[in-house]
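Here the sequence shown is numbered in my numbering, starting from 12 and rising by one per residue.
Where is the CB? At the ideal position from N, CA and C, for every residue including glycine.
So the structure is just underneath, and the comments pick up after that.
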Amino acid sequence: MKVSVVILAAGQGTRMKSTLPKILHTLAGKAMVEYALDIAGGVSAKPPVLVIGHGAEKVREQIGGRARYAIQEEQLGTAHAAAQAENLLDGEEGLVLIFYADMPLLRQETMARMVELQSINTGPLTILTVRAEDPRGFGRIVRSKDGQVNAIVEEAGAPAEVLEIRELNAGVYCCRADWLWAALKRIKVSPKGEYYLTDLVEIAAKEGGKVNAIVLDDESEAIGINTRIHLAEASAILRKRINEEWMLAGVTMIQPESVFIDATVEIGEDTTLWPNTYLRGKTSIGRGCEVGPDTIITDCDVAENCRIQMAVMEGASLEEGVVMGPFARLRKGARLGKGVHMGNFGEIKNSSLGADTRMGHFSYIGDATIGEGVNIGAGTVTCNFDGVNKNPTIIEDGVFIGSDTMLVAPVKIGKNSKTGAGAVVTKDVPPGTLVVGVPAKELKKVKDKQPDDARK
Ligand code: UD1
Ligand code: CA
């Protein structure tokens with residue numbers, strides 16, 4: 012059956028105490044509202060209608076074409092918010108699924124079950140409920156003696172016997188489109204001055220239509236976010252879900268509670284994540300890697316069999332078998348070829364290192380193109396910034412850079428050349444040449460390729 016989705020997101024989220032609209036706060040690297048859009052995508056191919064008000068511009072800017080927008084100028088309650096979608100959906104047949112954008116733990120399967128149950132319901136409406144000891148201010152589900160759902164009663168002003176009810180409104184509604192818009196118009200303003208969407212239930216029940224209810228098995232799905240305490244709780248649950256999914260997919264975690272993986276990350280089988288590891292943004296980690304402890308990787312592509320210890324990396328790519336750290340830093344545009352070794356206290360920015368190049372200790376490489384099998388001695392610096400411009404350094408295959416060499420860019424070191432310890436290289440070095448001193452001068456030609464054991 013055809014389903015349209017309406018997501019309510021116009022509230023201010025006052026209790027977040029934030030200049031950022033509530034639904035743009037992130038959990039596991041994704042904005043709250045994106046979780047809502049994702050589950051909407053599971054039941055309907057058409058972009059959902061997002062009802063926005065507070066912070067509407069910021070929301071639009073970030074979400075763009077992933078949603079259609081209805082503006083609720085004044086926040087007069089959830090029923091009033093839902094009614095704003097009528098213009099966009101009027102005349103559409105089938106079902107309408109309505110839920111709140113501040114519930115990022117709702118599962119796709121739950122939405123599919125709602126739609127399924129409503130499509131065989133003789134009545135106009137199916138709701139989602141949850142049983143919980145702590146009512147958290149949720150609406151209470153009132154059932155008749157024979158178990159039929161009769162009403163949702165909001166906490167404010169509810170009589171004592173209703174407040175005792177522990178079946179709560181989770182805030183997801185699936186109803187017939189041809190019934191919804193007229194029913195919304197029949198909702199009366201509450202004593203608090205708001206139009207409650209929850210009144211749909213009583214309207215349906217009074218008409219004699221059956222209101223179906225799905226009771227959630229997993230209480231956590233119904234967590235709605237109103238404060239930063241809720242945000243932290245929901246993040247913790249989400250992280251646990253994500254970690255468990257990866258463990259079931261073949262990823263080992265030495266201490267899952269201290270591993271933080273964004274919802275946007277990919278990880279290959281037989282990779283091990285050590286404690287205090289953060290995988291963030293658009294990061295992918297290949298098979299058979301060892302990552303951490305104490306590592307933050309953001310927006311990086313790491314191929315298989317890499318070992319990364321105590322590193323901070325962003326916007327970098329690593330080919331197979333790279334060994335990094337401990338204490339290593341990769342910045343945007345660092346590209347490490349197959350089998351590269353980068354030891355402690357190094358930094359690489361906007362540079363590529365060819366296969367089997369080694370950079371063991373204390374070096375800075377920026378804006379450089381480095382060939383294969385290059386040895387970069389301890390303390391080497393590409394002096395890429397002259398105070399005005401960033402300049403490039405080129406180091407060709409098989410070069411041996413002596414310890415503490417300063418490469419004053421722009422500069423190029425030809426194939427199989429060498430620099431002496433402490434050299435300050437200010438001019439291009441032709442292939443097969445040893446340069447030494449300050450400023451570096453040619454000492455002799457070197458024909459021999461460095462013996463393999465020098466690179467160990
Ligand atoms: C709502 C339900 C309550 C349920 C709970 C579950 C109503 C009246 N009550 O209460 O039964 O147990 O959610 O989390 O629906 N919004 C608008 N425009 C408005 C008002 C709200 O778009 O004028 C949006 C908010 O941005 C939010 C959602 O609707 O995303 C829910 O509003 P909120 O004020 O948080 O409702 P609750 O009091 O939590
Ligand atoms: Ca809420």
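With DSSP run on the structure shown, which of helix, strand or coil describes residue i?
i           : result
residue 212 : helix
residue 280 : coil
residue 269 : helix
residue 362 : strand
residue 333 : coil
residue 402 : coil
residue 258 : helix
residue 111 : strand
residue 423 : strand
residue 306 : strand
residue 75  : helix
residue 201 : coil
residue 465 : Note that residue 465 has pLDDT 49, beneath the 50 cutoff, so the model's placement of it is unreliable and the number below is only indicative. Helix at residue 465.
residue 98  : helix
residue 53  : helix
What residues in its chain sit with their C-beta under 6 Å from that of residue i, if we drop five residues either side in the sequence?
i           : result
residue 291 : 40, 273 and 309
residue 378 : 361, 395, 401 and 403
residue 338 : 321, 355 and 356
Counting only the same chain and skipping the five closest in sequence on each side, list residues whose C-beta sits under 7 Å from that of residue i.
i           : result
residue 187 : 106 and 135
residue 231 : 116 and 248
residue 261 : 280 and 281
residue 381 : 362, 363, 364, 365, 368 and 406
residue 54  : 14, 16, 108, 122, 123 and 126
residue 253 : 39, 272 and 274
residue 293 : 275 and 310
Would you call the CB atoms of residue i and residue j closer than 8 Å?
i           : j           : result
residue 364 : residue 394 : no
residue 50  : residue 119 : yes
residue 24  : residue 13  : no
residue 317 : residue 332 : yes
residue 140 : residue 227 : yes
residue 48  : residue 77  : yes
residue 285 : residue 267 : no
residue 322 : residue 306 : yes
residue 52  : residue 110 : no
residue 426 : residue 408 : yes
residue 194 : residue 174 : no
residue 88  : residue 206 : yes
residue 447 : residue 431 : yes
residue 413 : residue 388 : yes
residue 180 : residue 198 : no
residue 240 : residue 257 : no
residue 358 : residue 342 : yes
residue 154 : residue 177 : no
Below 8 Å on the Cβ atoms is my contact criterion, and I expect residue i with residue j to pass it. Report the Cβ-Cβ distance as a whole number of Å.
i           : j           : result
residue 385 : residue 374 : About 11 Å separates the two Cβ atoms, so there is no contact after all.
residue 146 : residue 168 : Actually they are not in contact, since the Cβ atoms of residue 146 and residue 168 sit about 15 Å apart, beyond 8 Å.
residue 335 : residue 353 : 5 Å
residue 235 : residue 101 : In fact, because the Cβ distance is near 29 Å, the residues do not count as touching under 8 Å.
residue 35  : residue 69  : 6 Å
Near residue i, which residues of its chain fall below 8 Å by C-beta distance, leaving aside the five closest residues on each side in sequence?
i           : result
residue 438 : 422, 450 and 451
residue 238 : 26 and 27
residue 442 : 407, 425, 426, 427 and 428
- Would you call the stretch 17–27 and the stretch 52–69 in contact, with 3 or more CB pairs under 8 Å? The count of Cβ pairs closer than 8 Å, one atom from the stretch 17–27 and one from the stretch 52–69, reaches three, so the stretches are in contact.
- Three or more C-beta pairs closer than 8 Å, one from the stretch 211–225 and one from the stretch 153–160: is that the case here? By the Cβ rule, the stretch 211–225 counts as touching the stretch 153–160, because three or more pairs are nearer than 8 Å.
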